[in-house]
Amino acid sequence: MQIADLGKYTDNIVAALKRIVSVPSPTGYTARAAREICAMLSECGYKAEITNRGNVLCRLGGEGEPLILAAHFDTLGGIVRALKPKGRVRMTSVGGLALGSYEAENCTLFTRGGTTIGGTLQMIEASSHVAGAALSEKKRTTDEMEVVLDCGATTPEELSSLGVAAGDFIAFDPRFTEADGGYIKSRFLDDKASCAVLIAYAQALSAGDVPAPSRAIWLLFTSHEEVGTGAASGLPDATEFLSVDMGCVGADLGCTERMVSVCVADGGGPYDYGMVTRMKQICEENKLPYALDVYPHYGSDAGAAVRAGYHMRNGCIGPGVYASHGYERTHREGLLATLRLVAGYAALAPRGIYDGE
Ligand SMILES: [Zn+2]
1 MQIADLGKYT
11 DNIVAALKRI
21 VSVPSPTGYT
31 ARAAREICAM
41 LSECGYKAEI
51 TNRGNVLCRL
61 GGEGEPLILA
71 AHFDTLGGIV
81 RALKPKGRVR
91 MTSVGGLALG
101 SYEAENCTLF
111 TRGGTTIGGT
121 LQMIEASSHV
131 AGAALSEKKR
141 TTDEMEVVLD
151 CGATTPEELS
161 SLGVAAGDFI
171 AFDPRFTEAD
181 GGYIKSRFLD
191 DKASCAVLIA
201 YAQALSAGDV
211 PAPSRAIWLL
221 FTSHEEVGTG
231 AASGLPDATE
241 FLSVDMGCVG
251 ADLGCTERMV
261 SVCVADGGGP
271 YDYGMVTRMK
281 QICEENKLPY
291 ALDVYPHYGS
301 DAGAAVRAGY
311 HMRNGCIGPG
321 VYASHGYERT
331 HREGLLATLR
341 LVAGYAALAP
351 RGIYDGE
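Residue numbering for the sequence shown follows my numbering, beginning at 1 and increasing consecutively.
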């Protein structure tokens, strides 16, 4: 299976990524981002629908043995738990924020009345000149942190009068940066980088730059992955499910930001042996920079689908992402390698259950 170079699509991936990360979408507050993804698919000629659960589903064409290619567009974030004295906000995390990385990050609070208020997640008693050495010794947990809103409120009552209430969602600034050397830094590369890869795949398919799929292909963009239920419902019939999610970088893992990672097993156990083996073959035949890895603390939508009872083989790949759930970094080469692997796998004739060929 020879895959076209597709290098010209790297800029498309980066542009799509920049566009998607600019739309806030903490899990539970994803409707606007879902509409944005529908619009991006529509711009390259595909009709997408938003499911009951808030996922985006799009049939790209092809016939037989359906393959679902999935990425998630929900992100980590926060919810207002309580209004505090001094007009501060107590936040509950949405998903597994690496809170040390989120200290002093700017954010936006969305009231249910439709207003937005900027703010910053800070330690309680955030000034070194007031807290002294105790500040650096404190644990970075939501019990020790609070959101300081830029609205002048000094009491809970004043916050209420501005429409702020328990249950309001908080989104953090992505700080998207095209850095030197081809690196891309942003929060929420997990998994908006892979959303951008799948949109670039749709663009390349629409333009005839990748082979027509050898089977029915569905794109699925999920809205609840960070809480474990992204692909747990509302899936079309399929024989295979490929999560395109972030690849882990660190410790003794082989993947770097410049590679596509093929996950062999994660916290939910091993992925399908045949899918992994075929993807490895595609990487080798096309000299894609890749690594096979085992992720120690990880789960994906592919695992969520199987746990929910969907009877399909599953796999998980993605661009290497450094400092995941913190301030993340990937590389243009890893994004392109992921696109080429997706294109190669979708073009491969389905071969059913692995028989050790
Ligand atoms: Zn993810």
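Each residue gets a CB set at the ideal place from its N, CA and C atoms; glycine is no exception.
Remember, predicted model here, so these are calculated numbers, not experimental data.
Tell me, which residues are paired with residue i by DSSP?
{"i": "K185", "result": "T177 and R329"}
{"i": "T116", "result": "F110"}
{"i": "M145", "result": "M123"}
{"i": "F220", "result": "The identity of residue 220 in the sequence shown is Leu, whereas the question assumes Phe. Bridge partners of L220: L57 and A70."}
{"i": "E240", "result": "L67 and R313"}
{"i": "A343", "result": "DSSP lists no partner for A343."}
{"i": "V197", "result": "DSSP, once it has assigned bridges, lists no residue as partnering V197."}
{"i": "P319", "result": "V260"}
{"i": "S93", "result": "G78"}
{"i": "C248", "result": "V321"}
{"i": "A270", "result": "As written in the sequence, residue 270 is Pro, which differs from the Ala given in the question. Paired residues: A265."}
Are the CB atoms of residue j and residue i within a distance shorter than 7 Å?
{"i": "Y298", "j": "G267", "result": "yes"}
{"i": "M275", "j": "G315", "result": "yes"}
{"i": "A304", "j": "A232", "result": "yes"}
{"i": "A337", "j": "S243", "result": "no"}
{"i": "E257", "j": "R329", "result": "yes"}
{"i": "R215", "j": "P350", "result": "yes"}
{"i": "L219", "j": "L253", "result": "no"}
{"i": "G318", "j": "G230", "result": "no"}
{"i": "G78", "j": "I170", "result": "yes"}
{"i": "S186", "j": "V23", "result": "no"}
{"i": "A104", "j": "C195", "result": "no"}
{"i": "A15", "j": "S25", "result": "no"}
{"i": "L17", "j": "E226", "result": "no"}
{"i": "V56", "j": "F221", "result": "yes"}
{"i": "M1", "j": "L292", "result": "no"}
{"i": "Y295", "j": "V260", "result": "no"}
{"i": "V148", "j": "Q122", "result": "yes"}
{"i": "G100", "j": "R140", "result": "yes"}
Applying the criterion that 16 or more other CB atoms from any shown protein chain within 10 Å of the CB defines a buried residue, is residue i buried or exposed?
{"i": "V130", "result": "exposed"}
{"i": "E270", "result": "According to the sequence provided, residue 270 is Pro. The question's Glu does not apply to it. Exposed, by the Cβ-count rule."}
{"i": "N361", "result": "As displayed, the chain neither begins before 1 nor continues past 357, which places residue 361 out of reach and without an answer."}
{"i": "I13", "result": "buried"}
{"i": "D74", "result": "buried"}
{"i": "S127", "result": "exposed"}
{"i": "N106", "result": "exposed"}
{"i": "I353", "result": "exposed"}
{"i": "E137", "result": "exposed"}
{"i": "P236", "result": "exposed"}
{"i": "T115", "result": "exposed"}
{"i": "K287", "result": "exposed"}
{"i": "R313", "result": "buried"}
{"i": "S161", "result": "exposed"}
Starting from residue i, follow the alpha helix (DSSP H) in both directions and report where the run begins and ends.
{"i": "H129", "result": "S128 to A131"}
{"i": "T277", "result": "Y273 to E285"}
{"i": "V260", "result": "No alpha helix (DSSP H) holds V260; the beta strand (DSSP E) holding it covers V260 to D266."}
{"i": "A134", "result": "A134 to E137"}
{"i": "D301", "result": "D301 to R307"}
{"i": "S101", "result": "L99 to Y102"}
{"i": "E158", "result": "P156 to S161"}
What are the start and end residues of the beta strand (DSSP E) that includes residue i?
{"i": "L292", "result": "Y290 to V294"}
{"i": "A171", "result": "F169 to F172"}
I want to see whether chain D comes within less than 7 Å of residue i, judged by CB atoms only; does it?
{"i": "V130", "result": "The displayed structure is made up of one protein chain only, and chain D is not part of it."}
Comparing the CB of residue i with every heavy atom of ligand 2, is any distance shorter than 6 Å?
{"i": "D191", "result": "Only ligand 1 can be found as ligands here, which leaves ligand 2 out of the picture."}
(request) Quick one: which unbroken alpha helix (DSSP H) runs of 4-plus residues sit fully inside the segment 12-90? Chain order, please. (result) For the segment 12-90, the continuous alpha helix (DSSP H) assignments of 4+ residues that do not extend past its boundaries occur at 31-43, in sequence order.
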